[in-house]
Amino acid sequence: MNLVDFIISLGIFIFTLSLVIKKPKGIQIGYSASIGAIITVLAGFTTFVDFLNVVSIVWNATLTFVSVVIIALVFDEAGVFEYLATKILNYSGGSGKRLFILVILVGSFISAFFANDGTALVLTPVIVALLYRIGLDKKAIFAYIMAVGFIADSASIPFLVSNLVNIIAATYFGIDFFPYMEVMIVPDLVSIIASLLFLLIYFRKSIPVKIPIKVEFKNEDIKDPVIFKLFFPVIISLVVLYSVGGIYNIPVSIVAMPAAVFMLLLARKNRKIDYVKPVKEAPWQIILFSLGMYIVVYALATNGMVFYMAKAVGYFQSFPFGMNFVMTGFLFALTASIMNNLPSVLLGDLTLQHLHISGIILLTNAIGNDIGPKFTPIGSLATLVWLYMLDRKAKIKINTIEYMKLGLIVGIPVLFITLMTLYVESIIVL
2 MNLVDFIISL GIFIFTLSLV IKKPKGIQIG YSASIGAIIT VLAGFTTFVD
52 FLNVVSIVWN ATLTFVSVVI IALVFDEAGV FEYLATKILN YSGGSGKRLF
102 ILVILVGSFI SAFFANDGTA LVLTPVIVAL LYRIGLDKKA IFAYIMAVGF
152 IADSASIPFL VSNLVNIIAA TYFGIDFFPY MEVMIVPDLV SIIASLLFLL
202 IYFRKSIPVK IPIKVEFKNE DIKDPVIFKL FFPVIISLVV LYSVGGIYNI
252 PVSIVAMPAA VFMLLLARKN RKIDYVKPVK EAPWQIILFS LGMYIVVYAL
302 ATNGMVFYMA KAVGYFQSFP FGMNFVMTGF LFALTASIMN NLPSVLLGDL
352 TLQHLHISGI ILLTNAIGND IGPKFTPIGS LATLVWLYML DRKAKIKINT
402 IEYMKLGLIV GIPVLFITLM TLYVESIIVL
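If you want my numbering, it's the position in the sequence shown, counting the first as 1, plus 1.
Okay, structure coming up:
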């Protein structure tokens, strides 16, 4: 390992990440990552073979992610998520605590099937508008929106499509949709329950005892009845097709992309909703971001970062009573919170491959990079999207200290319990 090359590649990574976070002169994240990638190439740290390796790692995950978000945005245009939000408000029976629980459960559902960014993009503005509409104070609104932001990531564990990092963490080692789901459903349920309990405790003084409940959802609020009725059939069909595709080694993007195109064509045919808007609002920058940032991280990894990570992870493997799972997962969570979970999950893959580790413990990379981003505001793109949506649509700014306080107090125990659940599963499977 060349120490000078490691320091230079680390400097390029830090520079690139600072561009992504600070967005000088409004530069979008995809272009920021591309600048870092170009510098990496010019510095001689990336070869054409490295570029092809990166493309082979990210293409399936990135295209799946964009497709799933487009599907979610089409359903949002049709009025599906506003309907769900209104229903949970009325089902709350006027109880602030029950509404809090229902918001978390709906957020978990959306994250599972439409990815964590789907929750950030479609549920956040709907919930905020609904809470303002019923006249809750800022303290109460803060509790509900922070719960949505937290659960978007902590409930994005169950399926490959629930989080971009799941696809990268699993498919890198040949783990397909159904085998992944079979293992991760239980940790996801545990994560949701733990998140719910700790969030209730954390916000116990902010959640109102009683809330107004009668908010009507009129038939005219359903903008496209055909698409509205397809919500659950589409979800069921996608899960079945993802599972069948896994049996035949069909990438999940080959299922998700045609589904997104179908939804857009149906919206265009019906002409009830703006079918162009979901395309415009889709996170296209994620394609450039994934490719660019991964080129930067790949150079950092091959110039020494994997060496240091492997020393730590290798040391953890001797720990007893599931602490090998916990420490490995927390290391990946730490890197995610510092450098964002997309570059972190690639580092995790390369580290685990370097050590020739196999078995269920590989999925600590997914869990660590799903929940770890809650420790800091830069941990995941879903969080960045969520913060952007709050600022743009509700004029709500989240203080970094407040965010990290919640993330650490709630996130650490949730991550620990979820990783221990994965460890227990590994014993049962063996």
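Ideal Cβ positions, reconstructed from N, Cα and C, are used throughout, including at glycine.
Note down, in chain order, each residue of its chain lying with its Cβ closer than 7 Å to the Cβ of residue i, except the 5 sequence neighbours on either side.
{"i": "residue 114", "result": "236"}
{"i": "residue 40", "result": "13"}
{"i": "residue 232", "result": "76 and 81"}
{"i": "residue 335", "result": "373"}
{"i": "residue 159", "result": "113, 182, 185, 186 and 189"}
For residue i, which three-state DSSP category applies?
{"i": "residue 211", "result": "strand"}
{"i": "residue 96", "result": "strand"}
{"i": "residue 319", "result": "coil"}
{"i": "residue 216", "result": "coil"}
{"i": "residue 157", "result": "coil"}
{"i": "residue 57", "result": "helix"}
{"i": "residue 285", "result": "coil"}
{"i": "residue 269", "result": "helix"}
{"i": "residue 143", "result": "helix"}
{"i": "residue 136", "result": "coil"}
{"i": "residue 439", "result": "What is shown of the chain runs 2 to 431, which leaves residue 439 out entirely."}
{"i": "residue 44", "result": "coil"}
{"i": "residue 278", "result": "helix"}
{"i": "residue 252", "result": "coil"}
{"i": "residue 371", "result": "helix"}
{"i": "residue 343", "result": "helix"}
{"i": "residue 359", "result": "coil"}
{"i": "residue 112", "result": "helix"}
{"i": "residue 189", "result": "helix"}
{"i": "residue 164", "result": "coil"}
{"i": "residue 49", "result": "helix"}
{"i": "residue 354", "result": "helix"}
Under 8 Å between C-beta atoms, does residue i make it to chain D?
{"i": "residue 188", "result": "The chain inventory of the structure shown lacks chain D, comprising one protein chain alone."}
Of the residues the options, which one's Cα is nearest the Cα of residue i?
{"i": "residue 198", "options": "103, 259 and 47", "result": "103"}
{"i": "residue 214", "options": "87, 424 and 356", "result": "87"}
{"i": "residue 370", "options": "388, 386, 350 and 361", "result": "350"}
{"i": "residue 6", "options": "291, 175, 45 and 336", "result": "45"}
{"i": "residue 123", "options": "238, 150, 180 and 138", "result": "150"}
{"i": "residue 362", "options": "334, 372, 291 and 427", "result": "427"}
{"i": "residue 345", "options": "318, 320 and 373", "result": "373"}
{"i": "residue 321", "options": "202, 131 and 421", "result": "421"}
{"i": "residue 253", "options": "210, 168 and 193", "result": "168"}
{"i": "residue 297", "options": "3, 92, 27 and 54", "result": "54"}
Can you check whether the CB of residue j is closer than 8 Å to the CB of residue i?
{"i": "residue 183", "j": "residue 127", "result": "no"}
{"i": "residue 256", "j": "residue 246", "result": "yes"}
{"i": "residue 96", "j": "residue 141", "result": "no"}
{"i": "residue 22", "j": "residue 347", "result": "no"}
{"i": "residue 47", "j": "residue 300", "result": "yes"}
{"i": "residue 196", "j": "residue 105", "result": "yes"}
{"i": "residue 342", "j": "residue 381", "result": "yes"}
{"i": "residue 137", "j": "residue 212", "result": "yes"}
{"i": "residue 170", "j": "residue 367", "result": "yes"}
{"i": "residue 191", "j": "residue 15", "result": "no"}
{"i": "residue 17", "j": "residue 390", "result": "no"}
{"i": "residue 250", "j": "residue 177", "result": "yes"}
{"i": "residue 224", "j": "residue 274", "result": "yes"}
{"i": "residue 228", "j": "residue 267", "result": "yes"}
{"i": "residue 384", "j": "residue 405", "result": "no"}
Below 8 Å CB to CB, which residues in the same chain sit around residue i once its five sequence neighbours on both sides are set aside?
{"i": "residue 314", "result": "329, 332, 352, 353, 356 and 358"}
{"i": "residue 144", "result": "101, 204, 207 and 208"}
{"i": "residue 4", "result": "305"}
{"i": "residue 1", "result": "Missing from the structure shown is residue 1; the chain here goes from 2 to 431 and no further."}
Can residue i be considered in contact with the ligand ADP, in the sense that its beta carbon sits closer than 7 Å to one or more heavy atoms?
{"i": "residue 237", "result": "This structure simply doesn't include the ligand ADP, nor any ligand for that matter."}
For residue i, which residues from the same chain have a beta carbon less than 6 Å from its beta carbon, with the 5 sequence-adjacent residues on both sides left out?
{"i": "residue 283", "result": "67, 70 and 71"}
{"i": "residue 33", "result": "20 and 21"}
{"i": "residue 403", "result": "none"}
Between the segment 144-156 and the segment 405-418, do at least 3 Cβ pairs fall closer than 8 Å? yes
Pairs of beta-carbons, one from the segment 324-332 and one from the segment 282-294, closer than 8 Å: are there three or more? no
For the segment 396-407 against the segment 300-316, are there 3 or more C-beta pairs whose distance is under 8 Å? no
Any contact between the segment 161-172 and the segment 111-125? By contact I mean 3 or more CB pairs, one from each, below 8 Å. yes
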